[in-house]
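S.K.: In order, the protein sequences belong to chains A and B. Here our numbering is used: the first residue of the first sequence is 1, the next is one more, and so on. Here our numbering is used: the first residue of the second sequence is 118, the next is one more, and so on. Glycine included, each C-beta is placed from N, C-alpha and C at the ideal position. Computed from a predicted model, the values in this text were never measured in an experiment. Pasting a structure below so you can have a look.
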Amino acid sequence: EPEVTQTPSHQVTQMGQEVILRCVPISNHLYFYWYRQILGQKVEFLVSFYNNEISEKSEIFDDQFSVERPDGSNFTLKIRSTKLEDSAMYFCASSASLDRGVGNEQFFGPGTRLTVL
Amino acid sequence: AQSVSQHNHHVILSEAASLELGCNYSYGGTVNLFWYVQYPGQHLQLLLKYFSGDPLVKGIKGFEAEFIKSKFSFNLRKPSVQWSDTAEYFCAVNAHGNQFYFGTGTSLTVIP
């Protein structure tokens with residue numbers, strides 16, 4: 001069964017450093033997402049991406065964050081200058097459709113645990 | 118703003134007990150509703166979903182959920198839990214656009 005993959009599984013970085021989290025969505029999916037989950041808190045939406053541009057983003061997704069689809073398979077989340085409060089589990093997701101009448105479930109990757117020291 | 122509430126933060130049950138996890142949401146329009154499960158060390162997996170039609174939805178592994186529009190609820194049920202059901206359960210709502218709103222999750226521990 002196709003699945004979303006993410007690398008690395010765990011990233012440790014110093015405050016102020018840039019990090020790039022990588023995701024490979026399911027191959028025939030067209031819509032891509034990033035979520036994060038701070039330890040003990042709920043899963044929060046960051047951004048959605050379609051047709052090589054951001055379609056929605058939350059208040060969390062400020063200028064420190066960017067997303068890119070550098071090639072036909074990868075989808076990346078970059079945090080330009082990490083802060084302590086960026087420590088969280090970051091989940092990538094993809095969906096085949098946005099058609100809410102048909103079914104727009106999102107398939108999630110295993111997550112990348114980011115630890116900012 | 119949309120919100121999703123899961124009132125049970127941690128549930129402990131013995132095997133064969135019945136399970137009901139509550140989920141309420143705040144959006145008044147048309148919604149798509151989901152339950153995801155996260156087994157220890159694994160990623161979020163879809164248990165079941167509701168888009169339209171029969172408000173009683175059956176999912177994988179014997180789980181079902183009932184959409185009650187008047188109560189803004191989508192509670193998850195299973196008549197007889199197993200040890201392997203130990204996991205974190207998340208309710209999610211898609212009300213408009215393509216972002217999902219998640220509840221805080223319910224941790225289920227099933228004692229053999």
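Give the interface partners of residue 56 of chain A over in chain B, defined as CB-CB distance under 8 Å, in chain order.
M.R.: Those are 214, 215 and 216, listed as they occur along chain B.
S.K.: Identify whether residue 164 of chain B lies in helix, strand or coil by the three-state DSSP scheme.
M.R.: Reduced to three states, the DSSP call for residue 164 of chain B is strand.
S.K.: I need the boundaries of the beta strand (DSSP E) containing residue 149 of chain B, first residue and last residue.
M.R.: Start and end: 149-155.
S.K.: In the DSSP assignment, find the beta strand (DSSP E) that holds residue 77 of chain A and state where it starts and stops.
M.R.: Start and end: 75-79.
S.K.: Going by beta carbon distance, what residues of the same chain come within less than 8 Å of residue 74 of chain A, once the five residues before and after it are set aside?
M.R.: 22, 23 and 24, listed in sequence order.
S.K.: If we ignore side chains and look at the alpha-carbon of each, how far apart do residue 159 of chain B and residue 33 of chain A end up?
M.R.: Cα-Cα distance, rounded: 18 Å.
S.K.: Identify the continuous beta strand (DSSP E) that holds residue 113 of chain A and give its terminal residues.
M.R.: Unbroken beta strand (DSSP E) run through residue 113 of chain A: 112-116.
S.K.: For a cutoff of 9 Å on Cβ pairs, would you count residue 149 of chain B as touching chain A?
M.R.: Yes, contact with chain A.
S.K.: Three Cβ pairs or more, each shorter than 8 Å: is that satisfied between the stretch 1-21 of chain A and the stretch 82-99 of chain A?
M.R.: Yes, the stretch 1-21 of chain A touches the stretch 82-99 of chain A.
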